[in-house]
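Novice: Below you'll find the structure I mean.
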Amino acid sequence: MQPLPGFRDFLPDDCAARNFIFARWREVCRRYGFVEWDGPVLEPTELYKKKSGPEIVAQLFNFTDKGDREVALRPELTPTLARVVAAHEREFRKPLKWFSIGQFFRYEKQQRGRLREHFQLNCDIIGDSSEEADAEVLALMIDLFRSFGFTENDLRIYISHRGAWAAFLQHQGHNFSAERMQEFLAIVDKLDALKPEISDEKLKALGVSLDLVNRFISMPENYFDGFNTLADKMKVRGLGRFITIRPAIVRGLAYYTGFVFEAFSLSGKLRAIAGGGRYDNLIGQLSDGAVSLPALGFAMGDVVLGEMIQDVPAARARVADFVRREYALDIYLIIAKEERRSDALRQLQQLRESGWRIDYPLTPAKVGKQFQTAEALGAKATLLYGDEWPAVKMKTLATREEILIPNEEVPARVKQALSS
RNA sequence: GUGGCCAUAGCUCAAUGGUAGAGCCCCAGAUUGUGGUUCUGGCUGUUGCGGGUUCGAGUCCCGUUGGCCACCCCA
Numbered sequence: 132m133q134p135l136p137g138f139r140d141f142l143p144d145d146c147a148a149r150n151f152i153f154a155r156w157r158e159v160c161r162r163y164g165f166v167e168w169d170g171p172v173l174e175p176t177e178l179y180k181k182k183s184g185p186e187i188v189a190q191l192f193n194f195t196d197k198g199d200r201e202v203a204l205r206p207e208l209t210p211t212l213a214r215v216v217a218a219h220e221r222e223f224r225k226p227l228k229w230f231s232i233g234q235f236f237r238y239e240k241q242q243r244g245r246l247r248e249h250f251q252l253n254c255d256i257i258g259d260s261s262e263e264a265d266a267e268v269l270a271l272m273i274d275l276f277r278s279f280g281f282t283e284n285d286l287r288i289y290i291s292h293r294g295a296w297a298a299f300l301q302h303q304g305h306n307f308s309a310e311r312m313q314e315f316l317a318i319v320d321k322l323d324a325l326k327p328e329i330s331d332e333k334l335k336a337l338g339v340s341l342d343l344v345n346r347f348i349s350m351p352e353n354y355f356d357g358f359n360t361l362a363d364k365m366k367v368r369g370l371g372r373f374i375t376i377r378p379a380i381v382r383g384l385a386y387y388t389g390f391v392f393e394a395f396s397l398s399g400k401l402r403a404i405a406g407g408g409r410y411d412n413l414i415g416q417l418s419d420g421a422v423s424l425p426a427l428g429f430a431m432g433d434v435v436l437g438e439m440i441q442d443v444p445a446a447r448a449r450v451a452d453f454v455r456r457e458y459a460l461d462i463y464l465i466i467a468k469e470e471r472r473s474d475a476l477r478q479l480q481q482l483r484e485s486g487w488r489i490d491y492p493l494t495p496a497k498v499g500k501q502f503q504t505a506e507a508l509g510a511k512a513t514l515l516y517g518d519e520w521p522a523v524k525m526k527t528l529a530t531r532e533e534i535l536i537p538n539e540e541v542p543a544r545v546k547q548a549l550s551s
C-alpha cells in the first residue's frame, strides 16, 4: 500500500524539517504581533464556488458526504477567514493581525513543488486599509524568508496593484467593468508567456493596445503614486532591496482589489514561493454586506519553500542543524549489570521529571552495543550502572571523559555537566 | 485534462532475449564492561501489476497503476 498520489508520509527527519519551518513561521509572526488561529479543514463547497473564482473550483478536492452535503477539503484559507471574521469581528479590536498554519488540498495532477496536499502559512491584517498595513505585511513576509537564512540574493518580491491598472486605464479613457478587468488582467498575466502579436490581438479585442500596456509596465511609478509610497516605507525599514515593482504580476484569484505581490526564487527554477494581496471587498461579499472590512494577507507553502531551502546552502545547513537537535538525547543509560536495572530506572524517572531527554535499553544488551546506541541517538553523555554501584560512571561522549559519582549526586552532576 | 520519459532489494543503481547482482542501510559477530573507523558473516526480490510474442522476457509488444518532465492552471 502506498500513500494516495500527491500525499506525503513524514518520516522522523521529514517531520523535524517540517517542525523547523513551522517554528520559524510562528516565531516571526509573533514578533510582528500576529496571533494564531485556525478553521475547519472541510468546508461547504459553496464557500469556494462563489467567492474564489472558477479557477480554484475546478481543482477542488471535493465530494458528497454521508449527509448528502457537498463538501470540499479547503484549498485556501481566505474564504474561511472572511467568514469567521464576518461572524466574530465585534469580539476583537481592529486591526486584526492573524496568522494560521494548516494543511490545504487540491485535486490535480502532481508535479515537483505541487502536490495534492501541503501546509501553508497564512498571514492577514483585517480592518485597516492603510498603506502602512500593506508595508507591514510585506515586511513580515520578508522577515519570514530571512529567518530561513535567505537574503536579497536568493529571492525577490514583485509587487503590483490592481487599482493601479484600473486607474491607468481610466486615465487613458477606458472604463472597464469588473468582468472586463478580470479578462484584461488575465492577458497581462500571460504577457511573458505569449508572443507580443498574440497579446496585442487579445488586448485589441478589449480596445487596448500592447503599446499602452507596456508604457505602464515600464514606468508604473509615473502613473501610480502608491508604488512610491510603498517603496519608501520598505526602504525606511531597510528592506527595500527585497522588492521590485512589476505591474505584470497579477494573481489568479478574483477577489484581490489592491496591492498584489508574489515572491520568487532568484535561481529561477521554482514557481512563486509565496503570494498575496489586498481583498477589501471579500468579507463584505461573504457576509452579504452585513460586515465590511478591508483586509490583506498572503500565504506561503511548505513544499516550494522546502525545495528552495534545499537549493540554498545556508538555509539547508540551518535545517540540518535543527533536525539533528530535534530528537537528540541528553543522556543514554548503560545497564552494564542487569541486577542494577531497578536502580537505573529509579534514577531514569527522576531525571526525566527534571526535564532531561533520556533513553535506555529496553532489553539486555552488551555494553559495547549500548554505547553504539547512545552514539547513534545523539546522546551527550551516558550514565553507566554496574559493579561501581552505589556509584555511577558518567561519560561525556564528545571528550570520552569518565567520572565516578555517588548515585545521590547524579541529578546535580548531570545538571552541571549538561548545562554548559 | 493533454503529451513525452521512466518503474529491478528498505535506499541508489547494474544485468547483448539465456540461471537477477553491487554499494549503502539494517541485523549478528571480531574471547569475559566502553561508542564514530576497520574486518567477517547474515537478511531482503511475485524485476509495479495484468496480458501477449518467444524454446526462453527484467529486457520486445499492448493495457493498467504509480513517478518525473512539459503544457493547462495556480493557493
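For the first sequence, our numbering assigns the number 132 to the initial residue and increments by one for each residue that follows. By construction, the Cβ of each residue, glycine as well, lies at the ideal position given by its N, Cα and C atoms.
1) Is DSSP giving TYR179 helix, strand or coil here?
2) Fully enclosed by the region 391-455, which beta strand (DSSP E) runs are 3 residues long or longer?
3) Express the C-alpha separation of ALA154 and MET431 in angstroms, rounding to a whole number.
4) Going along the chain, which residues of its own chain have a beta-carbon closer than 7 Å to the beta-carbon of SER398, five neighbours each way excluded?
5) Just confirm the distance between the C-beta atoms of ARG409 and LEU427, as a whole number of angstroms; I'd bet it's less than 8 Å.
6) With a threshold of 6 Å on Cβ separation, who are the neighbours of GLN478 within its own chain once the five nearest residues in sequence on each side are excluded?
7) Roughly how far, in whole angstroms, is the beta-carbon of GLU207 from the beta-carbon of LEU424, given that I think they are within contact range, below 8 Å?
8) Compute the Euclidean distance between the alpha carbons of GLN303 and LEU361, then round it to the nearest angstrom.
9) Ends of the alpha helix (DSSP H) at TYR516?
10) Count the other C-beta atoms from every protein chain shown that fall within 10 angstroms of the C-beta of GLY406, then say buried if there are 16 or more, exposed otherwise.
11) Quick check on the burial criterion: 16 or more other C-beta atoms within 10 angstroms. Buried or exposed for ASP433?
12) Would you be able to state if there are at least three C-beta pairs under 8 Å between the region 277-296 and the region 389-396?
13) If you reduce the DSSP assignment to three classes, tell me which class ARG544 lands in.
14) Contact between the region 296-314 and the region 329-344 is defined here as three or more beta-carbon pairs at a separation below 8 Å; is this criterion met?
15) Run through DSSP, which three-state label would HIS219 get?
16) Which residue's Cα is closest to the Cα of GLY164: GLU267, GLN190, GLN241 and ARG149?
17) Of all the beta strand (DSSP E) runs that stay within the bounds of the region 219-251, which reach a length of 3 or more residues?
18) On the three-state DSSP scale, how would you describe THR494?
19) Name the DSSP bridge partner or partners of HIS292?
20) Using a Cβ-Cβ cutoff of less than 8 Å, which residues in the same chain neighbour PRO136 once the five nearest sequence positions on both sides are dropped?
21) Tell me, to the nearest whole angstrom, how far the beta carbon of LEU295 is from that of GLY357; I am working on the premise that it is less than 8 Å.
Specialist: On the basis of the supplied data:
1) It is helical.
2) List check, beta strand (DSSP E) in window: 403-409 and 426-432.
3) 14 Å
4) ASP442
5) 4 Å
6) Closer than 6 Å at Cβ, skipping near neighbours: VAL541.
7) Wrong, their Cβ atoms sit about 18 Å apart, outside the cutoff.
8) 24 Å
9) Taken as a continuous stretch (DSSP letters only), TYR516 belongs to no alpha helix (DSSP H), being part of the beta strand (DSSP E) at 512-516.
10) The residue is buried, with at least 16 neighbouring Cβ atoms inside 10 Å.
11) Taking all protein chains in view, the Cβ of ASP433 is crowded by 16 or more other Cβ atoms within 10 Å, so the residue is classified as buried.
12) Between the region 389-396 and the region 277-296 there are three or more C-beta pairs closer than 8 Å, enough to call the two in contact.
13) helix
14) Contact between the region 296-314 and the region 329-344 is present, because at least three Cβ pairs lie under 8 Å.
15) helix
16) GLU267
17) 227-236
18) coil
19) PHE390
20) Contacts found: GLN241 and ARG247.
21) Before going on, a small fix: residue 295 reads as Ala here, not Leu. With 8 Å as the limit, ALA295 and GLY357 qualify as a contact, their Cβ atoms being about 6 Å apart.
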